[in-house]
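Enquirer: Residue numbers 1 to 911, in full-length UniProt numbering, belong to the letters of the sequence shown in order. Structure below; questions to follow.
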Amino acid sequence: NVQLPVVGLPQFSSLSDVFMNIYGILSSYIVRTRPHLYRLYSKNSKSHPTRRLQELLISMKKSEEKKSETAALKNISLKHVNYKKKRGAFPPPSHIELLVLGNGTRGNPRSLLVITPHTRYLFNCGESTQRICYEYKNLKVSRIEHAFITYKSWENLGGLLGMCLSLADMKVPNFTFHGPPDVEKIITESRGFAPIAHMDIVKKELRHGPFTDPGLHVQYVPIYCEDSQINTCSEQKQKEQTISTKADHEIEIKADSLQGKEQSSSNSVKCEDEVVTVSRGKDHQSDVTEVVDVTTDSDVGGKDDQSLKDMRDVTVAYICTPHQKQRSVDVDKCMQLNFPMGPHIRDLKDGKTVTLPDGRVIHPDDILSPDSPSVPFIVLECPKEDFLDAFLKNEDLKKYQIGGDVAAAVVVHMSPSRIVQHPKYQQFMNSFPKSTQHLLLDGSGTEVSGIGVYKLQSLLNMMDERIFPLLPHQCDISTASSTKLNSTDNVTVGDCGHRYHIRPHTGFDRDCCPVIENEVYKQEVRDQPGFDALFNKTLSLLGAHPRDTTINREYPEIVFLGTGSAVPNKARNVSAILVHMSKEQTILLDSGEGTAGQIYRHYANKANSVLRRLSCLYVSHMHADHHLGLITLVKARKEAFKEKNKDVTPLLIVGPWNLRRWFNSVHYNIEHLKWDVKVLPLQEMVEGSDAYNQDTRMQLQQLLNLEKFETTEVVHCRNAFGSSFTHKDGWKLCYSGDTMPCESLVDIGKECDILIHEATMEDDLVKEAKFKRHSTTSQAIDIGRKMKAKFTILTHFSQRYAKIPLFSEKFSEHVGIAFDNMKVTPNDLTVLPHFKSALTGIFAEHVEEMEEKKAKRQVKRERDAAIFEIQREAKILKTQKDIAVTKIATDNKSVDIKANANKNVTEHFKK
Numbered sequence: 001n002v003q004l005p006v007v008g009l010p011q012f013s014s015l016s017d018v019f020m021n022i023y024g025i026l027s028s029y030i031v032r033t034r035p036h037l038y039r040l041y042s043k044n045s046k047s048h049p050t051r052r053l054q055e056l057l058i059s060m061k062k063s064e065e066k067k068s069e070t071a072a073l074k075n076i077s078l079k080h081v082n083y084k085k086k087r088g089a090f091p092p093p094s095h096i097e098l099l100v101l102g103n104g105t106r107g108n109p110r111s112l113l114v115i116t117p118h119t120r121y122l123f124n125c126g127e128s129t130q131r132i133c134y135e136y137k138n139l140k141v142s143r144i145e146h147a148f149i150t151y152k153s154w155e156n157l158g159g160l161l162g163m164c165l166s167l168a169d170m171k172v173p174n175f176t177f178h179g180p181p182d183v184e185k186i187i188t189e190s191r192g193f194a195p196i197a198h199m200d201i202v203k204k205e206l207r208h209g210p211f212t213d214p215g216l217h218v219q220y221v222p223i224y225c226e227d228s229q230i231n232t233c234s235e236q237k238q239k240e241q242t243i244s245t246k247a248d249h250e251i252e253i254k255a256d257s258l259q260g261k262e263q264s265s266s267n268s269v270k271c272e273d274e275v276v277t278v279s280r281g282k283d284h285q286s287d288v289t290e291v292v293d294v295t296t297d298s299d300v301g302g303k304d305d306q307s308l309k310d311m312r313d314v315t316v317a318y319i320c321t322p323h324q325k326q327r328s329v330d331v332d333k334c335m336q337l338n339f340p341m342g343p344h345i346r347d348l349k350d351g352k353t354v355t356l357p358d359g360r361v362i363h364p365d366d367i368l369s370p371d372s373p374s375v376p377f378i379v380l381e382c383p384k385e386d387f388l389d390a391f392l393k394n395e396d397l398k399k400y401q402i403g404g405d406v407a408a409a410v411v412v413h414m415s416p417s418r419i420v421q422h423p424k425y426q427q428f429m430n431s432f433p434k435s436t437q438h439l440l441l442d443g444s445g446t447e448v449s450g451i452g453v454y455k456l457q458s459l460l461n462m463m464d465e466r467i468f469p470l471l472p473h474q475c476d477i478s479t480a481s482s483t484k485l486n487s488t489d490n491v492t493v494g495d496c497g498h499r500y501h502i503r504p505h506t507g508f509d510r511d512c513c514p515v516i517e518n519e520v521y522k523q524e525v526r527d528q529p530g531f532d533a534l535f536n537k538t539l540s541l542l543g544a545h546p547r548d549t550t551i552n553r554e555y556p557e558i559v560f561l562g563t564g565s566a567v568p569n570k571a572r573n574v575s576a577i578l579v580h581m582s583k584e585q586t587i588l589l590d591s592g593e594g595t596a597g598q599i600y601r602h603y604a605n606k607a608n609s610v611l612r613r614l615s616c617l618y619v620s621h622m623h624a625d626h627h628l629g630l631i632t633l634v635k636a637r638k639e640a641f642k643e644k645n646k647d648v649t650p651l652l653i654v655g656p657w658n659l660r661r662w663f664n665s666v667h668y669n670i671e672h673l674k675w676d677v678k679v680l681p682l683q684e685m686v687e688g689s690d691a692y693n694q695d696t697r698m699q700l701q702q703l704l705n706l707e708k709f710e711t712t713e714v715v716h717c718r719n720a721f722g723s724s725f726t727h728k729d730g731w732k733l734c735y736s737g738d739t740m741p742c743e744s745l746v747d748i749g750k751e752c753d754i755l756i757h758e759a760t761m762e763d764d765l766v767k768e769a770k771f772k773r774h775s776t777t778s779q780a781i782d783i784g785r786k787m788k789a790k791f792t793i794l795t796h797f798s799q800r801y802a803k804i805p806l807f808s809e810k811f812s813e814h815v816g817i818a819f820d821n822m823k824v825t826p827n828d829l830t831v832l833p834h835f836k837s838a839l840t841g842i843f844a845e846h847v848e849e850m851e852e853k854k855a856k857r858q859v860k861r862e863r864d865a866a867i868f869e870i871q872r873e874a875k876i877l878k879t880q881k882d883i884a885v886t887k888i889a890t891d892n893k894s895v896d897i898k899a900n901a902n903k904n905v906t907e908h909f910k911k
């Protein structure tokens, strides 16, 4: 709006034109030198140009202090984080509810989420906890900042590393552990494969007293096992370490001789009141980061009595008391007293008295509603019989039992079913007053944790009932329940989705509990416009191209348990492929988090039989989405053998060298499972390498009845492998793992019957795929053509393709895409390519969304290319201008040349 005349610059009519010209020049400069700032700034540029210029200059000043785009983007905080920065703390919560994420049934964790308007508190985080969270709308996982662990076991910790990685990606600045000693080892021992960037992780020790924040006051109640010794398993641990030291040392020497001294990344955890070094992973692409040791007083000599006590087996109960919420205004009281609404309300809520202009003195009780008492709730776990007497004697818990000071609203029991049914535990439960509710997460509820996987399977089942069979829980709902205890007046068997409302205190509701409705899901799709035409087209194609009856081979039978990458979602779990090589033998290719749960969902009551047949687990590389399900799988397999009173046959695990190191750390710190497995390093099976060992490869071939096993390092991260399996029955299977297009993989997979290749990105994201060292769909298909594979199945899709990926033009009759719970045999392969039309119809909305995003990316590329071209031309013109200026002294027309050059440069800047 500044229209002042400008003297000395005839090309500008007003000061506003000057601002506009400077703004254009600065914008071009920003686009060229700080593209990240331009992208952030351009999203909110609706104000007047002069105001935009001021904002731009301020942003430029701030950006000078940043060293990288990542550092600049880190300042974009979540809303609740910004709120705390501005106002210091949240008000006491007006709404509190408990949500059961997992009830401990087969394949489900024992996890509870406490929800307040501003914060989430997670109690235990077993495998698949993160995936279940995505089943609930508006859950806001990014607000989880505290994890309370009741007992140090993989059932309670298995999903914590994946959860931390996701929270770090969401820019959550802080995360705090609460629980027994060493539960943070799940993070600190994740060397090399799971660096957690931009998030401070803190461990609050039990001896530091209760935890308090604006929402809850949480009292720690450590309960020690009375029969455990001070030095828990010292002698056995020393013996195990002595036995395993030689083998581990040999492997580490080989690794060092081949690749140099390996530096493992370590995510360090800051322990409160202790001086430690906090390390953050560089980024998710880095494979080598600094090693940082976390040393606490329990690791050094001269331990005090408290430190010795901490070494005993301990479980922790949590007594949670909500803070008193702010009193609300009683409108009726205001009307009776003729009290004016206004700023006086805040003073009354703060407990102050108010004097009105007419001289009346108003007290808070005159206007506000009465105080509502804060009723506590308790979360506890008795992991084994040795703790029962300690639970009965605990003085802190007796305060909430009959004759105590106060009654708890609800006690959440995460104890196993066998413990809950024990007479002493029943005595413990009966010691609470009748008004206290008991919520049992003991594994005796229903096994259905969400409808996402069942809904997808129902839709796919419409195309082919053999390749996409309905899951057992969909066919017979009785298979989804393993209830051993019935709910009574104050005892409720918890199911996933069960809620208990603390504030306002309305008790239980089951509105969020999942219910499987196959026909409803199918009808939703049939009602979509254009679906019938696409589906009929698929049926006609399947009629014209039936299954190949000339291939009368039942094996290999391939069951895809996880076909997504990085993190799980409702439709696709992370990597896991079950290959039945024969009637007696099965191999698992990778084992991402939640793989055991996928086996239970797919096979239900037959799952233990499948686990007993599992003779080998192949791990392609040490990224978290490919091996974090290993521990639960080993434990489930061990239980399957115990069910038949059979001795456990050690599971052969084939993987990189550092897999053994990680398994050892879990064995010594969390779960004693080392003797249930045998690890063979893939490095010793690469022909031509310095570490090649013919005996190691022959051992694997003999166990799996293979004619030949070949493996090679692929282009992804350090120690990433692709392999081919040639069976004595005459078939050949090649598995890529994670990789960019790799020629050495082509060599070992020549003329294979089936190639299973990752296709993380669509063709439109070639640069991103290259940066993350993954393949696009067309690149994966090209690899199949180069190796002359008879059929290529694409898997490991980015989670941006929650339902289906965008189909490439290179899709042919020899290419298919994988889904979770898809089962194929060699004579099913000819059918897979003809599902394309039906899939496009079933997931029409998703495909449209993906196409729209693709179009937007294309527009952005064209715009960026145009800007780059203008910048290039402007640079050339400026060079011409500089040359012209140098001729001033010798050329009579130098002034005209200079004016023309300036004019051309100005016109291009305006563009």
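Think of the CB as a built atom: it goes at the ideal place given N, C-alpha and C, for glycine as much as any other residue. Given the structure is predicted, the values throughout are model-derived calculations rather than measurements.
Using a 10 Å radius around the Cβ and a threshold of 16 neighbouring Cβ atoms, would you call TRP662 buried or exposed?
Expert: buried
Enquirer: For SER444, which of helix, strand or coil comes out of DSSP?
Expert: coil
Enquirer: Who pairs with GLU713 in a beta bridge, going by DSSP?
Expert: PHE721
Enquirer: Output yes or no for whether 8 Å exceeds the beta carbon distance between GLU524 and ASN108.
Expert: no
Enquirer: For LYS810, which residues of its own chain have a beta-carbon under 6 Å away from its beta-carbon, when the five flanking residues on both sides are left out?
Expert: SER778 and ILE781
Enquirer: Hey, out of GLY530, HIS667 and PHE339, whose CA is closest to residue 953's CA?
Expert: Outside the displayed span of the chain (1 to 911) sits residue 953, for which this structure offers no information.
Enquirer: At what residue ranges does the segment 168–199 contain a whole run of the beta strand (DSSP E), taking only runs of 3 or more?
Expert: 174–178
Enquirer: From which residue to which residue does the beta strand (DSSP E) around GLU768 run?
Expert: Taken as a continuous stretch (DSSP letters only), GLU768 belongs to no beta strand (DSSP E), being part of the alpha helix (DSSP H) at 766–771.
Enquirer: Residues in its own chain within less than 8 Å of THR795 by CB, not counting five upstream and five downstream?
Expert: PHE560, THR563, SER575, ILE577, ILE756, HIS757, GLU758, ALA759, ILE817 and ALA818
Enquirer: List the whole-angstrom C-beta distance separating CYS382 from TYR318, where the pair is believed to meet the contact cut-off of C-beta under 8 Å.
Expert: So it is not a contact: roughly 14 Å between Cβ atoms.
Enquirer: Can you check the segment 836–868 for any alpha helix (DSSP H) of at least 4 residues that lies completely inside it and give the ranges in chain order?
Expert: 836–842
Enquirer: Between which two residues does the alpha helix (DSSP H) containing THR129 stretch?
Expert: 129–133
Enquirer: Comparing alpha-carbon positions, which option in LEU877, VAL316, THR188 and HIS323 lies nearest residue 941?
Expert: Past the edges of the chain, shown from 1 to 911, lies residue 941, and the structure says nothing about it.
Enquirer: Whose C-alpha, out of LEU706, SER153 and HIS146, is nearest the C-alpha of THR176?
Expert: HIS146
Enquirer: To the nearest whole angstrom, what separates the beta carbons of LYS674 and ASN658, a pair I think is in contact under 8 Å?
Expert: Not a contact, Cβ separation roughly 16 Å.
Enquirer: Identify the residues that DSSP records as bridge partners of ALA147: which are they?
Expert: For ALA147, which the question treats as bridged, DSSP gives the partners LEU122 and PHE177.
Enquirer: If I measure Cβ to Cβ from PHE432 and keep anything under 6 Å in the same chain, skipping five residues before and after, which residues do I get?
Expert: GLN401
Enquirer: Please report the straight-line C-alpha distance between residue 926 and PRO370, rounded to a whole angstrom.
Expert: What is shown of the chain runs 1 to 911, which leaves residue 926 out entirely.
Enquirer: Pop quiz: GLY507 and SER128 are said to be a contact at Cβ under 8 Å. What is the actual Cβ separation, rounded to whole angstroms?
Expert: Wrong, their Cβ atoms sit about 27 Å apart, outside the cutoff.
Enquirer: Pull up the CB-CB distance for ARG503 and LYS325, whole angstroms please, since I reckon it's below 8 Å.
Expert: 7 Å
Enquirer: In this structure, what does DSSP give as the bridge partners for GLY452?
Expert: According to DSSP, GLY452 bridges with nothing at all.
Enquirer: Considering Cα atoms alone, identify which of ALA769, GLY784 and TYR618 is closest to LEU700.
Expert: TYR618
Enquirer: Give me, in chain order, the residues of the same chain whose beta-carbon lies closer than 7 Å to that of TYR521; leave out the 5 immediate sequence neighbours on both sides.
Expert: LYS455, SER458 and LEU459
Enquirer: Look up SER16 in the DSSP assignment and say whether it is helix, strand or coil.
Expert: Three-state result, SER16: helix.
Enquirer: Just curious, the beta strand (DSSP E) that TYR618 is in, first and last residue?
Expert: 614–618 is the extent of the beta strand (DSSP E) around TYR618.
Enquirer: So, for GLY102: in the same chain, excluding its five sequence neighbours on each side, which residues have a beta-carbon less than 8 Å away from its beta-carbon?
Expert: ASN108, PRO109, ARG110, SER111, GLY126, SER128, THR129, ILE132, LEU441, SER449 and CYS496
Enquirer: Have a look at LEU704 and MET463 and give me their C-alpha separation to the nearest angstrom.
Expert: Within the model, the alpha-carbon separation for LEU704 versus MET463 is close to 34 Å.
Enquirer: Keeping to the same chain, check which residues put their C-beta closer than 8 Å to that of residue 912; ignore five residues upstream and five downstream.
Expert: The structure shown does not extend to residue 912, since the chain is modelled only from 1 to 911, so the question has no answer here.
Enquirer: Assuming the contact rule is C-beta atoms closer than 8 Å, GLY629 and GLU593 should be a hit. Round their C-beta distance to whole Å, please.
Expert: 5 Å
Enquirer: Starting from SER591, trace the alpha helix (DSSP H) in both directions and tell me its first and last residue.
Expert: That residue, SER591, is in no alpha helix (DSSP H); its beta strand (DSSP E) goes 586–591.
Enquirer: GLU97 by DSSP, collapsed to three states: which one?
Expert: strand
Enquirer: Measure from the alpha carbon of HIS834 to the alpha carbon of each residue in GLY688, ARG861 and PRO546, then state which is nearest.
Expert: PRO546
Enquirer: So is ALA855 buried or exposed if we call it buried at 16+ other beta carbons inside 10 Å?
Expert: exposed
Enquirer: At what residues does the alpha helix (DSSP H) containing LYS349 begin and finish?
Expert: 344–349
Enquirer: Given 8 Å as the limit, is there contact between the segment 711–723 and the segment 734–753, that is, 3 or more CB pairs closer than that?
Expert: yes
Enquirer: Could you tell me if THR96 is buried or exposed, where buried requires 16 or more neighbouring beta carbons within 10 angstroms of its beta carbon?
Expert: One point to set straight first is that residue 96 is Ile, not Thr, in the sequence displayed. Buried, by the Cβ-count rule.
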